[in-house]
Structure formats: structure tokens, C-alpha cells
Ligand code: ADP
Ligand code: MG
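In my numbering, the protein residues as written are 20 to 271.
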């Protein structure tokens, strides 16, 4: 469904993606983790061509992003993106936030967009907040609205860039629960996150990136508990606040 083929990207002289190869299947949930500056956000943003790449190619459902004849607008409409900052339109009510793009981009009727928005608000547990404005909501609620707004476009792929990093700890789970139910429904998801419990529960694979490179890819328990690469070990011990000696020493 998504295929990175030898993807390389530079910001001026600074190489931020180095020979990235990764294939993500339909229905798969892939979690990307790694230190700040590793290139995780940039990698996500290359998927909908928000960031151009200079070498290699990315194939989305058979369409090569290097092919300038593809319709990037319609491709982007099929890819939802949720950011750390919720980016809701502050001057619009919750329901209007969700209805906007389906009416403007998908050209569905207001009635249909309204019904769809209400269904999605129910799904994220916020139907009672339909007429509120974003600043009347908690961060967790705003992020759930942001997810509902993305889903209203009926995307084929959902990208999440640290969706819970800006939230108070007690609000993280309400957002993760929405994401878990989405994963359970079979959505293809690429999630930049350091939420291990989430990754353990729904990720098919975890990708560890550092310095523009994919260092290691594995199933969640392995990559957290028994990483192979020194850089992954160092990172995981920091994130999990676990001393390195907890990692499996026996294998050596
Ligand atoms: P991460 O999400 O893993 O923290 P990013 O993808 O945001 O990392 O950034 C990767 C590298 O690219 C960093 O060194 C960052 O400073 C640099 N970078 C990101 N965006 C830009 C930009 N628009 N212009 C120049 N450098 C950038
Ligand atoms: Mg980032």
C-alpha cells in the first residue's frame, strides 16, 4: 500500500532521510519511534508529498510520487493526517470543523456531511460537544475531534505525528483508545509515537529511526525488550526508563 524505495531527502546540504526502504501493507499499523531530529516527521510528510524527496521513490497504492502526472490533490484526500498540535479551525464549531472538507473537497451534501460528522463524533465519544468551539474543549477532546475530522474524508491511510505528545498524561488514553479502535477496524496507520503500550497493543511493526536512517524494524515486544542495535538499546533504555542491563544479555 505504501512503499519507500531508497528514499533520500536533503534540506540544503543536510541529509535528513538516508536510503529509507519500507513497505507497509493494507491494514497494517506501523509505529515509528526514535530521537528528536531523527527524521520521523519528515518521513511521514513525504507520504503525501508535503515534503519532496530528491532521490528514490514512494509508491502509494500503485501510484509513484515521482510521476508528476499523478493527481496529488486527490491522493492527499485519501490520506488523513493528525498532528501533535490539533490544528482545528478555532472560529468554527466542532461539527463545522468536521463537515468542512467533505463538503468542499469530496463535494458531498451538507446533510450527508452533517450525518457523517455526527456518526464520527459518536465514535470518538463527543457527540454532546458538537456545537462547542475548540477552545472550549480539553486537549484530548480536541485531538479526538481532529481524528474525527480526518476520518470524515474516508481516508485509506491515516498518518499520526506524535498525536499525544502535547496532552496532559491523564488525557492520553482517551486519544489512544480512539486510535486503537481505528486499528481494530483495519485502518492502515503510520504512527510516530513513543507510547509503548499503544504500540504493544496494535502495532504490527515498530520502526526505530535515528539520524535519517531506519536502524531497526521489529515486532513490538522485540524492539522494546530485546533490540539488536546499540542505538536502539540506548534509546529504549531512556524512553522506558529501564537500565540497559534489563535487556537480554543471555543471547550474547
Ligand atoms: P523528528 O520528527 O524525528 O524529530 P524531523 O523530521 O522533524 O525529525 O527533522 C529531521 C531533521 O530535519 C532535523 O535535523 C530538522 O532540524 C531538519 N528539518 C526538518 N524540517 C526542516 C525544514 N523545513 N528545513 C530545514 N531543516 C528541517
Ligand atoms: Mg517530529
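Quick reminder that beta carbons are idealized off the backbone N, C-alpha and C, glycines included.
Nearest-angstrom Cα separation, counted from residue j out to residue i
i: residue 194; j: residue 138; result: 17 Å
i: residue 227; j: residue 172; result: 30 Å
i: residue 188; j: residue 53; result: 20 Å
i: residue 56; j: residue 33; result: 12 Å
i: residue 273; j: residue 175; result: An answer regarding residue 273 cannot be provided, because it is not within the stretch 20 to 271 covered by the chain.
i: residue 97; j: residue 49; result: 18 Å
i: residue 223; j: residue 254; result: 20 Å
i: residue 217; j: residue 42; result: 21 Å
i: residue 26; j: residue 84; result: 11 Å
i: residue 262; j: residue 240; result: In this prediction, residue 262 has a pLDDT of 45, which is less than 50 and means its spatial position is unreliable; what the coordinates show is noted afterwards. Between residue 262 and residue 240, the C-alpha separation is close to 17 Å.
i: residue 246; j: residue 152; result: 44 Å
i: residue 30; j: residue 134; result: 43 Å
i: residue 243; j: residue 158; result: 28 Å
i: residue 202; j: residue 196; result: 10 Å
i: residue 24; j: residue 219; result: 27 Å
i: residue 22; j: residue 76; result: 8 Å
i: residue 74; j: residue 28; result: 7 Å
i: residue 265; j: residue 59; result: Note that residue 265 scores 42 on pLDDT, short of 50, meaning its location in the model is unreliable and no value can be drawn from it.
i: residue 38; j: residue 101; result: 26 Å
i: residue 168; j: residue 120; result: 8 Å
i: residue 86; j: residue 155; result: 44 Å
i: residue 115; j: residue 179; result: 22 Å
i: residue 51; j: residue 184; result: 14 Å
Residue range of the beta strand (DSSP E) that includes residue i
i: residue 229; result: 224-229
i: residue 38; result: 33-43
i: residue 100; result: 98-101
Bridge partners - residue i, DSSP secondary structure assignment
i: residue 236; result: 226
i: residue 76; result: 24
i: residue 51; result: 211 and 226
i: residue 176; result: 98 and 207
i: residue 165; result: In the DSSP output, where bridge partners are listed per residue, residue 165 has none listed.
i: residue 83; result: 78
i: residue 217; result: Partner(s): none; residue 217 has no beta bridge.
i: residue 30; result: 33
Whole-angstrom C-beta distance between residue j and residue i, which should lie under 8 Å
i: residue 225; j: residue 199; result: That belief does not hold up - the Cβ atoms of residue 225 and residue 199 are roughly 15 Å apart, past 8 Å.
i: residue 136; j: residue 166; result: So it is not a contact: roughly 12 Å between Cβ atoms.
i: residue 308; j: residue 103; result: This structure cannot settle anything about residue 308, because the visible part of the chain is limited to 20 through 271.
i: residue 36; j: residue 72; result: 7 Å
i: residue 177; j: residue 80; result: The Cβ separation is near 14 Å, so there is no contact.
i: residue 251; j: residue 235; result: 5 Å
i: residue 63; j: residue 164; result: Going by Cβ atoms, the distance from residue 63 to residue 164 rounds to 20 Å, so no, they are not a contact pair.
Residue i: first and last residue of the uninterrupted alpha helix (DSSP H) it sits in
i: residue 203; result: 188-203
i: residue 183; result: Note, residue 183: premise wrong, no alpha helix (DSSP H); not H, not E.
i: residue 255; result: 249-258
i: residue 133; result: 129-142
i: residue 122; result: 113-123
i: residue 68; result: Unbroken run through residue 68: none, as it is neither H nor E.
Closer than 7 Å to chain B by CB, residue i
i: residue 188; result: The structure shown contains no chain B; it holds only a single protein chain.
Item to complete: Answer yes if the segment 67-86 comes into contact with the segment 132-149, meaning at least three C-beta pairs across the two stretches below 8 Å, and no otherwise.
Response: Segments in contact, no.
Discussion item. Counting beta carbon pairs with one atom in the segment 78-92 and one in the segment 108-118, are three or more of them shorter than 8 Å?
Written reply: no
Discussion item. Contact between the segment 37-47 and the segment 213-220 is defined here as three or more beta-carbon pairs at a separation below 8 Å; is this criterion met?
Written reply: Contact between the segment 37-47 and the segment 213-220 is absent, because fewer than three Cβ pairs lie under 8 Å.
Worksheet item: Of all residues in the structure, which have a C-beta closer than 5 Å to any heavy atom of ligand 4, taken in chain order?
Response: With respect to small molecules bound, the structure shown includes ligand 1 and ligand 2 and not ligand 4.
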